[in-house]
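Going down the list, the sequences are from chains A and B.
Under numbering that gives the first Met the number 0, residues 0 to 612 are what the first sequence spells out, in order.
Under numbering that gives the first Met the number 0, residues 0 to 345 are what the second sequence spells out, in order.
Note that CB positions come from ideal geometry on N, CA and C, so glycine has one too.
The structure displayed is predicted, hence computed values, not measured ones.
Written below as structure tokens is the structure these notes are about.
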Amino acid sequence: MAKVIQIVEDVTVRFAGDSGDGMQLTGSQFTDTTAVVGNDLSTLPDFPAEIRAPAGSLSGVSGFQLHFSSKDIQTPGDTPDVLVAMNPAALKVNLKDLKPNATIIINSSAFDSKNLRLANYETNPLEDGSLSGYNVIPVPLTQLTMSALEDLNLSTKEKERCKNFFALGLMYWMFNRPIDITMRWIETKFKNRPELVEANKRALQAGYNYGDTTEIFTTRYEIKAAKLPKGIYRNISGNEATALGFVTASLKSGLKLFLGSYPITPASEILQELSKYKEYDVITFQAEDEISGISAAIGAAFAGALAITTTSGPGFSLKTEALGLAVMTELPLVVVDVQRSGPSTGMPTKTEQADLLQAMFGRHGEAPLVVLAAQSPADCFYMAIEASKIAIEHMTPVILLTDGYLAFGSEPLRIPKFEELPEIKVNFRTDPTNFYPYQRDENLVRPWAIPGTPGLEHRIGGLEKRNIYGNISYEPENHEEMVRVRKQKVDNVQKVIPDLVVEGEQEGELLVLSWGSTYGAIKEAIENIKSKGYKASQAHLRYINPFPKNLGDVLNRFKKILIPELNMGHLAFIIRSKFLKDVIQLNKVQGRPFKVSEIENKIIEVLGGKNGK
Amino acid sequence: MENKIDEIKTQVKYTAKDFASDVDVKWCPGCGDYSILAQTQRTSPDFGELKENIVWISGIGCSSRFPYYMGTYGFHGIHGRAAAIATGVKLVNPKLQVWIATGDGDMLSIGGNHFIHACRKNINLKIVLFNNQIYGLTKGQYSPTSEKGKITKSSPYGTVEFPFNAIKLADAAGATFIARTIDRETKHMQEMLLRASKHVGLAFIEVYQNCVIFNDGAFSHLTDKETKADNLLVLEHGKPLVFGANKDKGIKLDGLNPVVINLNDGVHSINDCWVHDEFDANPTRGFILSRFTDIPGLPTPIGVFRQFNKPTFDGDYMKQIEEVKSKKGKGTYEKLMFNNNIWEVN
């Protein structure tokens, strides 16, 4: 029977199964292939904090959502069009998120009484009519995989484990994508286990063929390549982008890159990624604890490296005291906080934006430093470079905020040419004539004089310093002067950061002001309301301390300011206190990113009947 | 370049003055720290390093003001974290000779974690522990080396906790050079500092140091003329363990038990004494020596307890970098960014 190929603009697929089912792997393979086909895409992995919760349980469901399109997209999609559910628990957990009429491919082999009971189903949803609003396609994935691998000399368990590749093959057929990229990946991944190469490849091919031959599938879909700006692209996750940004900054500055870090979800991948790059002189010090991680980085900065430390919420708190030392010694240091749900251990694998006030003020004494925030997975690359540049050129600690959503999510990055990226100027002081460790240039920046330089021997540390001379000073007036100088030095960074860009009308009824990972959802929401006849503008902050110098002006050009945040109102708090201007808040604290529709609805509510004109 | 530096190293003749900074020293009059500073400045010219390649790093406490008074590079850190800061310095520039000045509170209490891990990894750092068995800068609370039962401001009825034995701890954690000296033993301290400077690996020196204000006389039995000879045992490699005013007492190993013997009793002779071997590959004797201070009746050893060589963390790290470089070639931006899964949009 001939199958119809239907051309569609964009699709959101979610793979869901047990933590042991390899859903993250399946999702990332589908993503890689989708990237190479040239679609724009955005992903949202979602998994439990436990390594492997009990099989079949509701708490053990792991998911991977992927939005891909032939147009420019910003988010992993609100509501999946297609769900692949590997067991009853996966169906139950994900069903409420689906579009009406969504397609659900169900591994019917897993719908036995035990799994149904584990998922708290009283009746089998495949039989009780509860899925009538959906296009349900039951496929005995496990059973089909087992038959495909029947003659292979592998244990039942090992064969069963290949079912995710069967599912992936089926999806490749459905969306008309090549399977050879994943074939090659399997060959490399299992190169020491030829029997597993054979099994996984066979399962993948069997899934693909099943789509082709069986009569339940009548339609295939095609999503054309997106019209992205010219260039060479790669798919990149936020954590990977952050790591590569720092290696690039090291190449740009000619400095060794030093990372002092302690593993913590969701930041660990930056440490893991950077530990691969020894041929770039990257030194990764996996410290005994968070405090050691940042302290070693401070030592590295003193010794003349591009020094960074990476962490997440609880670890960020532990680094607080040392951050004060970095402020006092005026050394360049980048601290990456991949925010996660808190307080305390919170929900370690879930995202949140609730460390902003800690980044701004979470130190004792008057301890200002630079705070930046990345807006998308690919932007992590640019902001890591920017954070390094500011830290080095202004001799100040810089906090770079990302979050779990950016860290694990991915999107295409147009790889810039090396020359397109900003220069990073390093001025090691070498001249001993009239050298004082706290003398300052026009931006109040002190010299970087590193151990090993003859004639510049000096001592720094956490005790208050006499301005210019750098010796210890407890003089009241000097302390106040130094507090003011350190603040002014950070404020001076405003001179080199770009003005805030307003997307859309430059003045009017409503400005949506935001920071961090909410960028994409807001951008799509504003595009959507436009088509409904409303108008609102967007301004997104990547520089939070200091703010861009035109922020005050921008705020004054709009009647209403809406600030959506994944916290209880951190940016709103700062804007109110700094600009004495009231703002409207939209807050979500569920460990999940905003849906486009949530922002859209709020904008329409705020605009009332005014359409923003 | 290398040769040139070596040449300069031998040409430059420093004096103690070159290692003094212009900062006024502000320890209490009579503090044992003065001696440590003086012996360090005196021996630094013989460390075989250019002044600009020496870095002193510290945490917080009286002892930790030390870097300010040295004419080298210095970093006064935060409480307990000197070893971590020093690790960063050493890894970025392994050519630097990195010293740590620390106290019993700083390194064994808040900094305990960093201390044991620095020892475990055998990072090429030199740690000088100023042990006065009391908290000085916070004004007189007991420390992790204070003896059980000690009455202090925060233990008016006596402490109910056992102290750390720093030598035992360093040894167990993996330090490769372990020594003890006393603030009043100036020549001995100079020798220990000098030898630590030459050691490749984590060198640990515990200095018994008198706090005149809060713990005066804690070590007087080891420093007073009348009592010193009977309580102090000077360890020398290849020499028998002998002490006492007339060198009339020795230490014999009875199985694994150290016992004091009288060399004039007609029964024992110097040939019965334990002969000290600093380089003993077997850690047992070093461990027994480290326990002397825990056993009543035994003298307190000073000198080098153990020293041996094993690969250093920083050395192996640099080696690994060089190996990867020779295998993969130097990294470039193109190799970094243009990986397998790239695609082009025209």
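Taking CB atoms only, A/Thr452 has a neighbour in chain B less than 8 Å away. Every beta strand (DSSP E) of 3 residues or more that sits fully in the region 438 to 518 of chain A is shown, in chain order, as 458 to 460 and 507 to 514. Under DSSP, A/Val10 forms a beta bridge with A/Phe67.
In this structure, the alpha-carbon of A/Asp581 lies about 40 Å from that of A/Leu305. In chain B, no part has a C-beta under 7 Å from the C-beta of A/Ala406; the shortest such distance is about 19 Å. Under the criterion of beta carbons closer than 8 Å, B/Leu221 and B/Ile181 qualify as touching, at roughly 6 Å.
The count of Cβ pairs closer than 8 Å, one atom from the region 79 to 94 of chain B and one from the region 294 to 303 of chain A, reaches three, so the stretches are in contact. Of the candidates A/Ile583, A/Ile185 and A/His457, A/His457 places its Cα closest to the Cα of A/Gly469. DSSP lists no beta-bridge partner residue for B/Arg284. Interface with chain A (8 Å Cβ-Cβ cutoff): B/Tyr332 is included. Taking 8 Å as the threshold, the shortest C-beta distance from A/Leu371 to chain B does not fall below it. DSSP, read as helix, strand or coil, puts B/Tyr33 in helix.
At a beta-carbon threshold of 7 Å, none of the residues of chain B lie near A/Ala383; the nearest stands roughly 13 Å away. The way I'd put it, the region 587 to 604 of chain A does touch the region 68 to 78 of chain A; three or more beta-carbon pairs between them come closer than 8 Å. Residue contact with chain A for B/Leu335: present (Cβ-Cβ distance below 8 Å to some residue of chain A).
Straight-line measurement puts the Cα of A/Ile528 at about 27 Å from the Cα of A/Leu94.
Chain-ordered, the chain B residues with CB closer than 7 Å to the CB of A/Val35 read Asn340 and Trp342. In chain order, Lys277 make up the part of chain A whose C-beta sits under 7 Å from the C-beta of B/Gln319.
Within the region 67 to 133 of chain B, complete alpha helix (DSSP H) segments of at least 4 residues are found at 81 to 91 and 111 to 120, given in chain order. About 14 Å separates the CB atoms of A/Thr283 and A/Ile293; that is not less than 8 Å, and the two are not in contact.
Listed in chain order, the non-local C-beta contacts of A/Gly303 below 6 Å within the same chain comprise Ile449, local neighbours out to five positions each way being set aside.
Beta-bridge partners of A/Val138 (DSSP): A/Asn106. Within chain A, the residues placing a beta-carbon under 8 Å from that of B/Pro66 are Arg458 and Gly460, ordered along the chain. Look at A/Asn234: its C-beta is under 8 Å from a C-beta on chain B. Cβ-Cβ separation between A/Ile4 and A/Asn175: approximately 7 Å, consistent with a contact (criterion under 8 Å).
When only Cα atoms are considered, A/Thr452 and A/Thr310 end up about 32 Å apart. Ranking A/Arg233, A/Lys494, A/Val196 and A/Arg339 by CA distance to the CA of A/Thr348 puts A/Arg339 first. Below 8 Å, too few C-beta pairs join the region 231 to 241 of chain A and the region 10 to 24 of chain A to call them touching: fewer than three. By a beta-carbon distance limit of 8 Å, A/Val369 contacts A/Asn544. Their separation comes to about 6 Å. Under a criterion of Cβ atoms nearer than 8 Å, no residue of chain A is adjacent to B/Tyr207; the nearest Cβ is some 26 Å distant. In this structure, DSSP gives A/Ala383 a helical state, which the three-state scheme calls helix. Within the region 14 to 59 of chain A, complete beta strand (DSSP E) segments of at least 3 residues are found at 39 to 45, given in chain order. The alpha helix (DSSP H) runs lying completely inside the region 230 to 301 of chain A and spanning 4 residues or more are 237 to 252, 267 to 273 and 289 to 301, given in chain order. The alpha helix (DSSP H) runs lying completely inside the region 142 to 166 of chain A and spanning 4 residues or more are 155 to 159, given in chain order. Distance between B/Met69 and B/Glu146, taken at the CA atoms: about 32 Å. Distance from the Cα of A/Arg219 is smallest, within the candidate group A/Thr344, A/Tyr171 and A/Ser249, for A/Tyr171.
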